Amino acid sequence: MGKVTGFKEYERENPKRRPVKERIKDYKEVYHRLPEDKLSLQGARCMNCGTAFCNWGCPLGNLIPDWNDLVYKGEWYKAYERLSLTNTFPEFTGRICPALCEGSCTLGVNREPVSVREIELSIIEKAFEEGWVKPNLPRVRTGMKVAVIGSGPSGLSAAAELNSVGHTVTVFERANEIGGLLRYGIPDFKLEKYVVDRRLNIMKEEGIIFKTGFNIGVNYGTKHLLKEFDAVILTGGSTTPRDLNVEGREFNGVHFAMDFLAQQNKRVSGSDILAEEISAKGKVVVVIGGGDTGSDCIGTSIRHGAKAVYQYEVMPKPPTERDDTMPWPTFPRTLKTSTSHEEGCVRKWCVNTKKLIGKDGVIKKLIGSEVEWKNVDGKLQMIEVPGTEFEQEVDLVLLAMGFLHPQHEGMLKDLGVNLDSRGNVIVDENYMTSKEGIFSAGDMKSGQSLVVWALADGRKIAREVDKYLMGETSLRG
Numbered sequence: 009m010g011k012v013t014g015f016k017e018y019e020r021e022n023p024k025r026r027p028v029k030e031r032i033k034d035y036k037e038v039y040h041r042l043p044e045d046k047l048s049l050q051g052a053r054c055m056n057c058g059t060a061f062c063n064w065g066c067p068l069g070n071l072i073p074d075w076n077d078l079v080y081k082g083e084w085y086k087a088y089e090r091l092s093l094t095n096t097f098p099e100f101t102g103r104i105c106p107a108l109c110e111g112s113c114t115l116g117v118n119r120e121p122v123s124v125r126e127i128e129l130s131i132i133e134k135a136f137e138e139g140w141v142k143p144n145l146p147r148v149r150t151g152m153k154v155a156v157i158g159s160g161p162s163g164l165s166a167a168a169e170l171n172s173v174g175h176t177v178t179v180f181e182r183a184n185e186i187g188g189l190l191r192y193g194i195p196d197f198k199l200e201k202y203v204v205d206r207r208l209n210i211m212k213e214e215g216i217i218f219k220t221g222f223n224i225g226v227n228y229g230t231k232h233l234l235k236e237f238d239a240v241i242l243t244g245g246s247t248t249p250r251d252l253n254v255e256g257r258e259f260n261g262v263h264f265a266m267d268f269l270a271q272q273n274k275r276v277s278g279s280d281i282l283a284e285e286i287s288a289k290g291k292v293v294v295v296i297g298g299g300d301t302g303s304d305c306i307g308t309s310i311r312h313g314a315k316a317v318y319q320y321e322v323m324p325k326p327p328t329e330r331d332d333t334m335p336w337p338t339f340p341r342t343l344k345t346s347t348s349h350e351e352g353c354v355r356k357w358c359v360n361t362k363k364l365i366g367k368d369g370v371i372k373k374l375i376g377s378e379v380e381w382k383n384v385d386g387k388l389q390m391i392e393v394p395g396t397e398f399e400q401e402v403d404l405v406l407l408a409m410g411f412l413h414p415q416h417e418g419m420l421k422d423l424g425v426n427l428d429s430r431g432n433v434i435v436d437e438n439y440m441t442s443k444e445g446i447f448s449a450g451d452m453k454s455g456q457s458l459v460v461w462a463l464a465d466g467r468k469i470a471r472e473v474d475k476y477l478m479g480e481t482s483l484r485g
């Protein structure tokens, strides 16, 4: 530990954000990066705890105190080496992870936690700038062939790990471009797509094969898949959105959030948009759902030039500070204000949408009411508050209420793998499904979650698949 008293001497410093008036005119990333001298001081704030709770809080098990100290000492290459041991794609987590590690930071008990995510991002970006990130070519090929279905975070993570130990990996993607959620679900103002392409180019140099436009079980039979490959990994994500079951749902102008976001990402990249255009320009927009996807819809709507944006969340407003329900070192589920929220929207909690009203088939109004949550026989129940019904004029409703489970029609039905009560793929302790040689990871088997959990799952499933194929494994998982 290089600076024993660093946590007492230096305050947390966050990277500056581009001014709102500037950033809403484009889709470039919002945050600037801290200069190296300031990052060194941020690294010095790490206390190198005997029990590193940040490591416990990170799904990837990142060796955070190690590279914090190395950054403080200016040993950036060594910091990159330590980071790469546990994180396959730190350029993704450094941008879009909610930093579970910071919620578990010991310093965060009574001060601001260490700026772990910013340090992580700076390490990998410096590594790219210095040319340290090179293709990880396997020493030999094993002769084993693995198919990865789905090119989101877990699929790419599994592919990179399995390729590194010599298996020939083919990634199948039904969309026109590789990346899954990273490509189509996350706006460029959070994750510019050159970051994804930069990593994909390295993976291609490593020998990983990518095939787009392959919808397994639809335009490419599962029998061909099982015959051609020694192991199959299902990482198609949780793609069936939760719908709004109210009168008027069928009106034009009511869309799922992911359709809206994916279309905008295609627009930014210059890709053709074949479906009906979804635009927020000049419109009153209501986003239903209070999570990250809802926040992304807000920022995108504002960049479209929306007249006004509202966000309705049916759950109560989170507290601003930790309470007894979320003790340290668990992640604090406190009120979060994203950069999109800063850009201008009206946020309301405990609001239930009761009905949608339209004219000539087009959405015009939303009828809602305030609700309160009460514990009835040990279960939380939503109860409408009398006299709180309201009417909101609206031109565009975006449904960002999460996802139920993976798509069942096509691949999963064709393969015949067992599903749990929620509709997710069932796996055993080795990530294998009910079918021999077929594995599953990420949201497809766990339900919707964070990118960092998907990446961690991809690394773990790679270890199990390697063990299945070779009888042993050197992968860390």
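In our numbering, the protein residues as written are 9 to 485.
All C-beta atoms, glycine included, are put in the ideal place defined by N, C-alpha and C.
Being a predicted model, the structure only gives us computed values, none of them experimental.
- The region 305 to 313 and the region 222 to 232 do not touch, with fewer than 3 CB-CB distances between them shorter than 8 Å.
- Assignment of beta strand (DSSP E) within the region 274 to 303, counting only whole runs of 3 or more residues, yields 292 to 296 in chain order.
- When DSSP states are grouped into helix, strand and coil, Pro414 belongs to the coil group.
- Listed in chain order, the non-local C-beta contacts of Cys113 below 6 Å within the same chain comprise Cys62, Pro121, Val122, local neighbours out to five positions each way being set aside.
- For Tyr88, the number of other beta carbons within 10 angstroms of its own is at least 16, and it is reported as buried.
- In this structure, the CA atom of Tyr192 is about 30 Å from the CA atom of Ser442.
- Take Glu181, set aside five residues on each side of it, and the residues of its chain with a beta-carbon closer than 6 Å to its own are Ser159, Thr220, in chain order.
- For Phe222 and Val154, the gap between their C-alpha atoms comes out near 16 Å.
- Of the other Cβ atoms in all chains shown, 16 or more fall within 10 Å of the Cβ of Tyr318; this residue is therefore buried.
- For secondary structure counted as the beta strand (DSSP E) over 3 or more consecutive residues, the region 299 to 361 holds these complete runs in sequence order: 316 to 321, 354 to 357.
- The beta carbon of Ile210 lies closer than 6 Å to those of Pro143 in the same chain, with the five residues before and after it left out.
- Counted as a single uninterrupted DSSP element, the stretch harbouring Thr220 is not any alpha helix (DSSP H) but the beta strand (DSSP E) occupying residues 217 to 220.
- About 4 Å separates the Cβ atoms of Pro67 and Ala464, confirming a contact at the 8 Å cut-off.
- A check of alpha carbon separations from Gly116 across Thr101, Gly65, Glu99 identifies Gly65 as the nearest.
- For Leu407, the uninterrupted beta strand (DSSP E) segment begins and ends at 404 to 407.
- With 16 or more other CB atoms across the displayed protein chains lying within 10 angstroms of its CB, Glu128 is buried.
- Around the Cβ of Leu93, a 10 Å sphere holds fewer than 16 other Cβ atoms; the residue is exposed.
- The criterion of a C-beta distance shorter than 9 Å is not satisfied by Glu200 and Leu145.
- Taking every protein chain shown into account, the CB of Phe15 has 16 or more other CB atoms within 10 angstroms, so this residue is buried.
- Between the region 72 to 81 and the region 43 to 59, the count of C-beta pairs closer than 8 Å reaches three or more; the two stretches touch.
- Distance check between Val322 and each of Gly102, Glu392, Asn184 places Glu392 closest, using alpha-carbon atoms only.
- Contact check for Ile310 against Ser348 passes: the beta carbons are separated by less than 9 Å.
- The Cβ atoms of Ile365 and Ala166 do not sit closer than 9 Å to each other.
- At a Cβ-Cβ threshold of 9 Å, Lys36 and Phe136 do not count as neighbours.
- In the DSSP assignment, Ser448 forms a beta bridge with Leu242.
- Between the region 274 to 293 and the region 398 to 408 there are three or more C-beta pairs closer than 8 Å, enough to call the two in contact.
- In the structure shown, Arg25 falls within a strand segment according to DSSP collapsed to helix, strand and coil.
- Residue environment: Tyr202 is assigned as exposed (fewer than 16 neighbouring CB atoms within 10 Å of its CB, all protein chains considered).
- Contact annotation: Met419 and Thr243 have beta-carbon atoms that are not nearer than 9 Å.
- Listed in chain order, the non-local C-beta contacts of Gly187 below 7 Å within the same chain comprise Ser159, Val204, local neighbours out to five positions each way being set aside.
- Going by C-alpha positions, Gly466 is about 10 Å away from Tyr439.
- Apart from sequence neighbours up to five positions away, the residues of its chain that approach His40 with a beta-carbon distance below 6 Å are Pro23, Lys24, ordered along the chain.
- Taking a contact as a CB-CB distance under 8 Å, the pair Gln389 and Val294 does not count as one, their CB atoms being some 25 Å apart.
- Going by beta carbons, Ile217 and Thr176 fall inside the 9 Å limit.
- Taking Trp357 as reference, the option from Gly431, Pro340, Ser377, Thr338 with the minimal CA-CA separation is Ser377.
- For Tyr439, the secondary structure class from DSSP, reduced to helix, strand or coil, is coil.
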